[in-house]
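Read the structure below first, then the notes.
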Ligand SMILES: [Zn+2]
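Residue numbers (the numbering used here), protein chains in the order written: chain A, 59 to 157; chain B, 1199 to 1376.
This is the structure:
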């Protein structure tokens, strides 16, 4: 079972307490009526589907109930980091350069 | 942890449904927390899983802005009244959820082992005196650790027969010496 660190509980806990909630950092358009059909389609359905590091939302639904974000490697399934909702995506190049 | 980590020969565990209490779900923003604590007479604990109690009122921090308030049933109206008095200055939501859950107590030398049959957490790391929301065989529960060998499970009413019967199966297996 995956172990996931909840940034609000500050504990690393079993996957069974969590729910996946799709790609992170997708802003809802402020004025949907002004969008073309293609732009609206892209907002609703088009996702990056990366092979590698993916920023995604998770919810600690059977715990503190909060949504948060995670960087997960879609190949190895490794959780690289998790961070509170509303924070910018962590820049991993800084971390890598330091190592 | 597996059943084999501890010598359970002759170890026992009891499962009982305990009498109902008044339960409230309290949601309040950071800036109004102190006012809510003053009204309840208990400071709101701020770490998820921490408890605080004063008099007959007990609070558990379930999430960053969510607390469970419990008290004897006769204290219910007093809690509603105390919180209503601060509503204008400290907006919050206080929802009576008393009847939503049934509470089981699981206690005895084999209590920790019995909990591992349904709870995916490493419960050795849940210190006595804390309480957390988690799952027991897919049913969401609030798990209170009252002592090294004493737990309480608040189980949603419709899941209670399933949780109870699973606990009974585990208890019988432990008693049979597995
Ligand atoms: Zn959490």
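Each residue gets a CB set at the ideal place from its N, CA and C atoms; glycine is no exception.
In this text the structure is predicted, and so the values were computed from the model without any measurement.
- The beta-carbon distance between residue 1274 of chain B and residue 1296 of chain B, rounded to whole angstroms, is 7 Å. This is short enough to meet the 8 Å contact definition.
- For residue 100 of chain A, there is no enclosing beta strand (DSSP E); the residue is found in the alpha helix (DSSP H) stretching over 95-103.
- Contacts between residue 1260 of chain B and chain A, judged by CB atoms closer than 9 Å, involve 121, 122 and 123 in chain order.
- Sorting B:1312, B:1352 and B:1359 by C-alpha distance to the C-alpha of residue 1375 of chain B places B:1312 at the top.
- Those residues having their beta-carbon less than 5 Å away from any non-hydrogen atom of ligand 1 are, in chain order, A:64, A:66, A:67, A:118, A:121 and A:122.
- Within 10 angstroms of the beta-carbon of residue 102 of chain A lie fewer than 16 other beta-carbons, which makes it exposed.
- At least one CB of chain A lies nearer than 8 Å to the CB of residue 1319 of chain B.
- For a Cβ distance threshold of 8 Å, residue set 1318 and 1319 of chain B lies close to residue 72 of chain A, ordered along the chain.
- Between residue 126 of chain A and residue 72 of chain A, the CB-CB gap reaches or exceeds 8 Å.
- In the three-state reduction of the DSSP assignment, residue 1304 of chain B falls in the strand class, which pools E and B.
- Under DSSP, residue 1255 of chain B forms a beta bridge with B:1252.
- Assigned with DSSP and collapsed to three states, residue 92 of chain A falls in helix.
- DSSP places residue 1232 of chain B inside the alpha helix (DSSP H), whose first and last residues are 1231-1238.
- Residues of the same chain with a CB within less than 8 Å of the CB of residue 1309 of chain B, apart from the 5 flanking positions on each side, are 1211, 1347, 1348 and 1349 in chain order.
- From the beta-carbon of residue 1264 of chain B, the residues of chain A found nearer than 8 Å are 122 and 123.
- The C-beta of residue 1372 of chain B has 16 or more other C-beta atoms within 10 Å across all chains shown, which makes the residue buried.
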